[in-house]
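Q: Quick note on our numbering: the sequence shown kicks off at 186 and runs consecutively.
Don't be surprised by glycine CBs; every beta carbon is placed ideally from N, CA and C.
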Amino acid sequence: MNTAAASIDKRAFRNALGAFTTGVTVVTTCDAAGRDVGLTVNSFNSVSLEPPLVLWSLARSSGSLPAFVEAEHFAVHILAADQEPMSNRFAQRGADKFAGIELARGEGGVPLLPGCAARFRCRTAFRHEGGDHEIFVGEVLGFEAFERAPLVFHKGGYAVAVKKRQPPPTAAAPLPNESPEASISRDALVYLLGSAHAMLLAAMRPALAARGLSDDDYFVLNILSVGLPRTVEQLDALMGLAGRRVTLQQLAAMAQRALVRPAAALAGGWQLAEAGTRAMLEMAAISKATEEDALQQIDYSEAHLLKHLLRRVIRNTWRGEQPALWPVAG
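1. Compare the beta carbon distance of F311 and V295 with 7 Å and say whether it is the shorter of the two.
2. Using 10 angstroms around the beta-carbon of P251, count the other beta-carbons present and answer buried if the total reaches 16, otherwise exposed.
3. Going by DSSP, what residue range makes up the beta strand (DSSP E) through E314?
4. From I369 to T502, what does the alpha carbon distance come to, in whole angstroms?
5. Within this structure, are the beta carbons of A260 and R306 separated by less than 7 Å?
6. Spatial neighbours of C215 within its chain, please: CB distance less than 7 Å, with the 5 preceding and 5 following residues excluded, ordered by chain position.
7. Since N227 is in the alpha helix (DSSP H), which residue starts that stretch and which ends it?
8. Give me the Cα-Cα distance between I471 and H313, rounded to the nearest whole angstrom.
9. Take F331 as the anchor and find which of R278, P299, M468, T225 has the nearest alpha-carbon.
10. Could you say which of A488, G428, S233, Q419 lies nearest to G454 if we only look at CA atoms?
11. Please identify the residue among H262, N273, R274 whose C-alpha is closest to the C-alpha of G159.
12. To the nearest angstrom, report how far apart K282 and N227 are at their CA atoms.
13. Where does D421 land, buried or exposed, given buried means 16+ other C-beta within 10 angstroms?
14. Write down the C-beta distance between W241 and V212 rounded to the nearest angstrom, noting that I regard them as a contact closer than 8 Å.
15. In angstroms with no decimal places, state the Cα-to-Cα distance between R430 and V232.
16. Short check: CB of D317 to CB of R245, under 7 Å?
17. Which first and last residues belong to the alpha helix (DSSP H) in which I286 is found?
18. Sort E324, R278, L238, R333 by Cα distance to Q268 and report the nearest one.
19. Excluding the five sequence neighbours on either side, which residues of its own chain have a C-beta within less than 7 Å of the C-beta of L297, listed in chain order?
20. Taking the alpha-carbon of T432 as reference, which of D402, L457, A488, A443 has the nearest alpha-carbon?
21. Taking 7 Å as the threshold (beta carbon to beta carbon), is N407 in contact with chain C?
22. Residues bridged to F259 by DSSP?
23. Let me know the secondary structure DSSP gives P365 once reduced to three states.
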């Protein structure tokens with residue numbers, strides 16, 4: 186059932202969102218006066234593996250917002266299945282949430298909670314305004330995984346995740362009234378992938394324009410953000426896969442804006458400079474928000490499968506003579 190935005194019932198909307206199963210985390214930091222601050226959060230998500238980035242969001246109405254805005258570091262704790270009391274404690278307002286807890290300390294003196302399934306120690310890399318929430322992107326400085334089953338939240342209540350044996354795959358049913366012409370053009374993988382890429386990039390262009398970045402600038406920064414320095418020839422070969430080119434003159438112009446700089450580790454190579462790193466951190470959050478919009482009618486398992494299948498498409502279509510943006514054997 187479609188409902189006009191102006192007439193959406195907030196309680197019904199919240200209940201509908203509850204159909205999405207999420208993990209439960211507690212995010213902690215220290216305020217400017219050195220007091221420990223923490224709250225329960227279920228908006229935690231990963232951004233990238235290289236560099237290691239995570240994000241979470243906090244309502245602008247939260248009393249804890251100033252502490253996290255001012256803090257340089259924070260920690261994200263993925264709660265274990267037996268930590269429902271911990272989740273409830275940190276969801277309260279005004280209580281001494283840390284009373285009686287044996288704490289460790291991370292970077293910046295951030296309090297670290299015991300007994301969780303995993304823990305990520307982060308530096309605040311970027312903040313992005315996302316509607317009625319502030320999105321925090323953290324650079325992961327270190328982490329611990331304790332191999333404990335996670336606590337999850339579903340339909341307004343706590344649950345325990347249980348691994349399910351996957352049934353054997355079955356062939357997808359054909360679409361009704363599918364014409365031969367449609368299967369050649371609109372249903373072609375190259376058409377679908379190209380259309381999805383075009384739509385996602387179009388949604389990000391206002392943010393790119395606000396930062397003075399062209400599509401080509403963004404593609405170059407994306408390639409370099411993988412972490413390896415690249416020569417102009419290597420960059421040009423990778424850009425060529427998308428029908429684009431990059432020249433030494435373009436890189437020099439980007440260097441004047443502190444987006445890229447010569448790499449000491451590779452003769453003739455280039456790497457991200459300070460402004461380029463900053464731009465990519467900001468765009469990582471915006472890209473993730475764009476991705477979440479695109480996947481809003483796709484559940485987690487479908488989204489995970491989609492990404493897994495796209496990686497297989499990349500591996501299967503890569504040829505040894507072509508440049509690889511990342512290792513394709515994994």
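A: The answer reads as follows:
1. Stepping through the sequence shown from its first residue, residue 311 is reached at position 126. Stepping through the sequence shown from its first residue, residue 295 is reached at position 110. Going by C-beta atoms, F311 is not nearer than 7 Å to V295.
2. Here the question's residue 251 lines up with position 66 in the sequence shown. Counting Cβ neighbours within 10 Å, P251 comes out exposed, since fewer than 16 surround it.
3. Start at 1 with the first residue of the sequence shown, and residue 314 comes out as number 129. First-last of the beta strand (DSSP E) with E314: 303-315.
4. Indexing the sequence shown from 1 puts residue 369 at position 184. Indexing the sequence shown from 1 puts residue 502 at position 317. Confidence is the limiting factor: at I369 the pLDDT is only 49, short of 50, which leaves the residue's position unreliable and the question unanswerable from this model.
5. The residue labelled residue 260 in the question sits at position 75 within the sequence shown. The residue labelled residue 306 in the question sits at position 121 within the sequence shown. Cβ distance < 7 Å, so A260 and R306 count as in contact.
6. Counting from one through the sequence shown, the residue named residue 215 turns up at place 30. Excluding sequence neighbours, C215 sits near D221, V222, A256, G293, G294, V295.
7. For the purposes of this step, residue 227 is taken as residue 42 along the sequence shown, with counting starting at 1. In this chain, N227 is not harboured by any alpha helix (DSSP H), its DSSP state being neither H nor E.
8. Your numbering for residue 471 matches position 286 in the sequence shown. Your numbering for residue 313 matches position 128 in the sequence shown. H313 has its alpha-carbon roughly 8 Å from the corresponding atom of I471.
9. Walking along the sequence shown from the start, residue 331 turns up at place 146. Nearest of R278, P299, M468, T225 to F331, Cα basis: P299.
10. Within the sequence shown, the letter at position 269 stands for residue 454. It is Q419 whose Cα lies nearest to the Cα of G454.
11. Nothing about residue 159 can be reported from this structure: the residues present for the chain run from 186 to 515 only.
12. Numbered from its first residue, the sequence shown carries residue 282 at position 97. Numbered from its first residue, the sequence shown carries residue 227 at position 42. Taking the straight line joining both Cα atoms gives about 18 Å.
13. Working through the sequence shown from its first residue, we reach residue 421 at position 236. Buried, since its Cβ has 16 or more Cβ neighbours within 10 Å.
14. On the sequence shown, position 56 is the one that residue 241 refers to. On the sequence shown, position 27 is the one that residue 212 refers to. About 6 Å separates the CB atoms of W241 and V212; that is less than 8 Å, so the two are in contact.
15. In the sequence shown, residue 430 corresponds to position 245, counting from 1. In the sequence shown, residue 232 corresponds to position 47, counting from 1. Here the alpha carbons of V232 and R430 stand approximately 27 Å from one another.
16. In the sequence shown, the residue the question calls residue 317 occupies position 132. In the sequence shown, the residue the question calls residue 245 occupies position 60. Yes. Within cutoff.
17. Indexing the sequence shown from 1 puts residue 286 at position 101. Element bounds for I286: n/a, residue is neither H nor E.
18. Looking up residue 268 in the sequence shown gives position 83. Per the Cα distances, R333.
19. Taking the sequence shown and counting its residues from 1, one reaches residue 297 at position 112. So the qualifying residues of the chain are A260, L288, A289, R290, G291, R304.
20. Residue 432 sits at position 247 when you count from the first residue of the sequence shown. In terms of Cα proximity to T432, the closest of D402, L457, A488, A443 is D402.
21. Checking the listed chains, one finds no chain C in this structure; it contains a single protein chain.
22. The residue you call residue 259 lines up with position 74 of the sequence shown. In the DSSP secondary-structure assignment, F259 is bridged to C307.
23. As a first step, residue 365 is located in the sequence shown; it is residue number 180 there, counting from the start. Its pLDDT being 46, under 50, P365 is placed unreliably by the model, and nothing is read from it.
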